[in-house]
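Numbering (full-length UniProt numbering), first residue to last: 1 to 740.
Here it is as structure tokens:
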């Protein structure tokens, strides 16, 4: 309605088709304070405002608000009714608390007068504001900028000048010809999200958006861009924060879906609601992709949310450190919130006045979170844009002269803003494109944990739509912390891919990477003078990575590979094909980089095809597997050579395992392994009991040593964190986080 009003009678110089019909009436707002602002704005145009919920008695003034109407009674009646209610119950000693706004202040004033008339004593009457420090600081950005402009003799001399809507819908110049913004349209962010997803090779994603203009428009653009980039979207769901049933349904869809990458085009408040439900449902391990509305929201950066959002990646509007702004905000806050501090920030002589603020005063110089006010720069630029527009319209000159008495119409400011192009004190160039928005520039932000355990929004790169194609997207992949941030010590996972500390910073293992085994295989083959080999591997991370390293090493060593074939254990047709390739090939030395299960399946096919006489080269996954060591398999595998992790005899381990097994599975045996007095109880096991002292296969548990070492590694880590000392004392009550 306000947009249509501005585009009413006055024609712009260029957009002659922008005229809108005059607004006949405005229905709203729902709160008193915004209703006052709206009514004062529309009053001179004699446009009626009809509210259904604004009850402040102050709005009853027909001189001040002649065009205001409401379909709800004034608080004059409610306030007096409260006094009558109190008197009716015989309560004569009451306390009173009100909101520090138009609604609360006016309502309580009427109540206090009525209470006095009714003989009711009020012990205290206190008010408070639901203080929003972030909101205060954003508002102070405008104040700060205006002060800065007013102290600048080159911009609007002798003139005093009394901020993050990104919806692409606002780019329509016919519908919103007088709308400008110092933040880019979501057209760019939505497409950048698709580029980001494609960049990481993710082709199967889920999508959730706010059910409002911001979310619906942003998601629509993303879905089109994703389709263009060949990205498949498993589901696209939306919700309103007040619709709990839909939120629960969306969480259930995420849990049951197969997509592990989720695009969350959500408003800040909606993200809060979704995260609360994800926490309750323990939905973790997803790679969340976020937008500027929530990706750097400090209130989300708590331990509970971090379990869900660790590793999140998204776009942010960026931050700029405005000179002197931090000091300005801090000083203004303390002078207003803690009046016992004088302008020099010292506690005044009346020390008692400061006693109620003693918990706050230690933080009076705290300004670390000022730089996280990412929209502050947009407010700053917005005020400067208006100032430069007025500078031009008032024809201000270098000699500090302005036509201060010149009447300026809103349409003139609109036309002037279209031509604004200036450089801020921070060196940033500001101008508005044909849609009324500034250039699209975003930081790529990643949720990571800092050295002290705090959540950090680490900038990985940027997206700048104003740069040439091919140079718009810059990303430092090596610095990314991925979703999950799992802490794990593996005793058998050997894939070289797990050596990437940027991707798996919390992964440890007590077994070597296949980088060494794969290269060792090439050295082994060369050592025996074999220069013509075949290669078969498992079609999984273990096989694909291991074989890739072997092939590179073989090439370096001058070894020729006749074929390199892979298969997955459930693909019978492909396994038969691989068997035929081995049988028909000329290479007699075969590198088998296979997992144990895959090796079992291949051996079955080799036996069926009677493929014998080959020199098999194996890996630790199967070379010492006891279940393969059968007469039938030996015909195929006789003479096989390969690498194994080795075996070490852990002192007393064999006795422990044997004792635990017999004690648990055969209760008829006593604790010392002897047959109990009730020998009849053991009659069912008489064929087995003769083996109760057998322990020869314990030493073949090749990975046991790795598990042993892993447990000791964790124990030593905890020993250090708990500050355990020589005298056997540890800080047992110390809380330890997994990141530590």
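The beta carbon of each residue, even a glycine, is placed where N, CA and C say it ideally should be. Predicted, not measured: the structure shown is a model, and the values here were computed from it.
Cβ-based burial, residue i [other Cβ within 10 Å; buried from 16]
{"i": "residue 232", "result": "exposed"}
{"i": "residue 763", "result": "No information on residue 763 is available, as it lies outside the stretch 1 to 740 that the chain covers here."}
{"i": "residue 443", "result": "buried"}
{"i": "residue 408", "result": "exposed"}
{"i": "residue 239", "result": "buried"}
{"i": "residue 27", "result": "exposed"}
{"i": "residue 121", "result": "exposed"}
{"i": "residue 312", "result": "buried"}
{"i": "residue 555", "result": "exposed"}
{"i": "residue 577", "result": "exposed"}
{"i": "residue 566", "result": "buried"}
{"i": "residue 18", "result": "In this prediction, residue 18 scores a pLDDT of 43, lower than 50, which makes its location untrustworthy; no coordinate-derived value is stated."}
{"i": "residue 652", "result": "exposed"}
{"i": "residue 62", "result": "exposed"}
{"i": "residue 166", "result": "buried"}
{"i": "residue 256", "result": "exposed"}
{"i": "residue 619", "result": "buried"}
{"i": "residue 426", "result": "exposed"}
{"i": "residue 214", "result": "buried"}
{"i": "residue 418", "result": "buried"}
{"i": "residue 32", "result": "buried"}
{"i": "residue 91", "result": "exposed"}
{"i": "residue 370", "result": "Here residue 370 scores only 46 on pLDDT, less than 50, and its place in the model is too uncertain to base an answer on."}
{"i": "residue 613", "result": "exposed"}
{"i": "residue 227", "result": "exposed"}
{"i": "residue 510", "result": "buried"}
{"i": "residue 715", "result": "exposed"}
Residue(s) in a DSSP beta bridge with residue i
{"i": "residue 592", "result": "536"}
{"i": "residue 641", "result": "617"}
{"i": "residue 564", "result": "535"}
{"i": "residue 441", "result": "464"}
{"i": "residue 449", "result": "455"}
{"i": "residue 96", "result": "125"}
{"i": "residue 429", "result": "423"}
{"i": "residue 513", "result": "Note: residue 513 sits in no beta bridge, so no partner."}
{"i": "residue 70", "result": "51"}
{"i": "residue 474", "result": "462"}
{"i": "residue 490", "result": "509"}
{"i": "residue 119", "result": "Paired residues: none, contrary to the question."}
{"i": "residue 27", "result": "50"}
{"i": "residue 316", "result": "443"}
Sub-8 Å separation of residue i and residue j beta-carbons
{"i": "residue 67", "j": "residue 53", "result": "no"}
{"i": "residue 234", "j": "residue 250", "result": "no"}
{"i": "residue 310", "j": "residue 447", "result": "yes"}
{"i": "residue 219", "j": "residue 209", "result": "yes"}
{"i": "residue 744", "j": "residue 83", "result": "Within the shown structure, residues of the chain are numbered from 1 to 740, placing residue 744 beyond reach of any answer."}
{"i": "residue 439", "j": "residue 621", "result": "no"}
{"i": "residue 609", "j": "residue 588", "result": "no"}
{"i": "residue 176", "j": "residue 221", "result": "no"}
{"i": "residue 253", "j": "residue 283", "result": "no"}
{"i": "residue 179", "j": "residue 382", "result": "no"}
{"i": "residue 579", "j": "residue 445", "result": "no"}
{"i": "residue 591", "j": "residue 575", "result": "no"}
{"i": "residue 416", "j": "residue 434", "result": "no"}
{"i": "residue 81", "j": "residue 47", "result": "no"}
{"i": "residue 623", "j": "residue 708", "result": "no"}
{"i": "residue 87", "j": "residue 123", "result": "no"}
{"i": "residue 247", "j": "residue 273", "result": "yes"}
{"i": "residue 195", "j": "residue 568", "result": "no"}
Original post:
Does the region 252-267 come within contact of the region 287-300, defined as at least 3 CB pairs closer than 8 Å?
Top reply: yes
Original post:
Which runs of the alpha helix (DSSP H) fall wholly inside the region 185-245 and span at least 4 residues, in chain order?
Top reply: 186-199 and 213-228
Original post:
Quick one: any contact between the region 487-498 and the region 523-530, if contact means 3 or more CB pairs under 8 Å?
Top reply: no
**OP:** Flag this pair as touching only if the region 593-603 and the region 540-548 have three or more C-beta atom pairs under 8 Å; answer yes or no.
**Re:** yes
Original post:
Do the region 106-120 and the region 70-88 make contact, defined as three or more Cβ pairs closer than 8 Å?
Top reply: yes
Subject >> Cβ pair count under 8 Å reaching 3, the region 45-60 against the region 94-105 >> reply: yes
Original post:
What alpha helix (DSSP H) runs, 4 residues minimum, are completely inside the region 257-296?
Top reply: 268-280
Original post:
Counting pairs of beta carbons, one from the region 451-463 and one from the region 300-316, are three or more of them closer than 8 Å?
Top reply: yes
Original post:
Looking at C-beta atoms only, is the number of pairs between the region 474-484 and the region 618-636 that lie closer than 8 Å three or more?
Top reply: no
**OP:** Please list the segments of the beta strand (DSSP E) lying wholly inside the region 379-410, counting only runs of 3 or more residues, in order along the chain.
**Re:** none
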